[in-house]
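Heads up: the sequence shown runs through residues -19 to -1, 1 to 242, numbered per mature numbering (1 follows the signal peptide of the UniProt record, and there is no 0).
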Amino acid sequence: MKIISIFLIIATLLSTSNANSKQFNPIIHLLRPRSGSGGVRVDGVNCLSWRLAVEAYNLRDWRLVPASCEDYVGNYMLGAQYRDDCEVVADAAVEYANSLQLAGDGRDAWVFDIDETTLSNIPYYARSDVQFGAIPYNDTAFNEWVAEGAAPAIPAIRRLYKKLLSLGVKTIFLTGTAERFKDIRIANLNKAGYKDWDKLILRGEADRGLSAVEYKSKKRTELVNEGYRILGNVGDQWSDLIGANAGNRTFKVPDPMYYIG
Ligand SMILES: *[C@@H]1O[C@H](CO)[C@@H](O)[C@H](O)[C@H]1NC(C)=O
Ligand SMILES: *[C@@H]1O[C@H](CO)[C@@H](O)[C@H](O)[C@H]1NC(C)=O
Ligand SMILES: [Mg+2]
């Protein structure tokens, strides 16, 4: 009896995960979940508690993923949990978008962050010399990766993006990436299935020295002054979602790999 019910549970889990995996773009599955326990408590650090504190914005200004949580974060990012968590974000945002009474005057807008929101840098962060953020950030190496223009889409957020376009909401990409990467970012967005936007805002010379919150607030304020109504805003960093004119609703995509203040 017991054996049969365990079998049924396993069969159910397998069929559920198969059904779920169909919704995802296979490109993001190219990297296999890491081997190893993926256990939550490692060397006295509860990595799930750590990740929860990061997502809830209880932990701020952290520099590195705790060394003992590198495998945990790797398993999370490469496995089904991260993808499912992103789908829940997109579901909530689509439900909200469907509930809106849109003016339809071309000023209903939605702001998208790019890295770890619209596009995924998992292929970079999975590298052995990056270790999912457990070793210090290397600007040169990361910029080389950006210059490849090979970041895949995060399927859940692309689904949200397409839904918003179908509703007539204007999409605006607002990224901390430097202006000099504009062409490569456009090519990367197109390749990943994002082909239509009102604005693509990158960090220019005039934004030098601003913190992420100051930069994004400044740009959103400019948008509002132009007449846009920021109905929604989606990002993986809290600095995308706080500050001036954050939007009527904000949606946080998970990111336990790095912190930008
Ligand atoms: C950063 O990345 C560059 C380019 O890959 C590499 O040459 C350099 O050694 C790296 N720096 C550190 C401190 O690892
Ligand atoms: C968005 O927020 C503004 C300012 O608080 C408010 O006037 C407007 O009604 C809100 N729009 C929606 C669709 O909730
Ligand atoms: Mg981001």
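Backbone N, C-alpha and C define an ideal beta-carbon position, used for all residues, glycine too. Keep in mind it's a predicted model, so treat the numbers as computed, not measured.
- Per DSSP, Arg184 is one residue of the beta strand (DSSP E) stretching across 180 to 184.
- A distance criterion of 7 Å places the beta-carbon of Gly216 in contact range of ligand 3, judged by its closest non-hydrogen atom.
- For the region 30 to 104, the continuous alpha helix (DSSP H) assignments of 4+ residues that do not extend past its boundaries occur at 51 to 59, 61 to 80, in sequence order.
- Phe162 is the residue among Phe162, Arg140, Gly149, Asp94 whose C-alpha sits nearest the C-alpha of Glu125.
- In the three-state reduction of the DSSP assignment, Val111 falls in the coil class.
- According to the DSSP assignment, Ile167 belongs to the alpha helix (DSSP H) that extends over 163 to 172.
- Here Ala159 carries a strand assignment [DSSP, helix/strand/coil].
- Straight-line measurement puts the Cα of Asn169 at about 7 Å from the Cα of Ala132.
- Taking one beta carbon from each stretch, the region 103 to 111 and the region 206 to 223 have fewer than 3 pairs nearer than 8 Å; the two do not touch.
- CA-to-CA, the gap between Leu204 and Asp221 works out to about 15 Å.
- For Asp42, the closest C-alpha among the options Leu155, Lys199, Thr231, Val194 is that of Val194.
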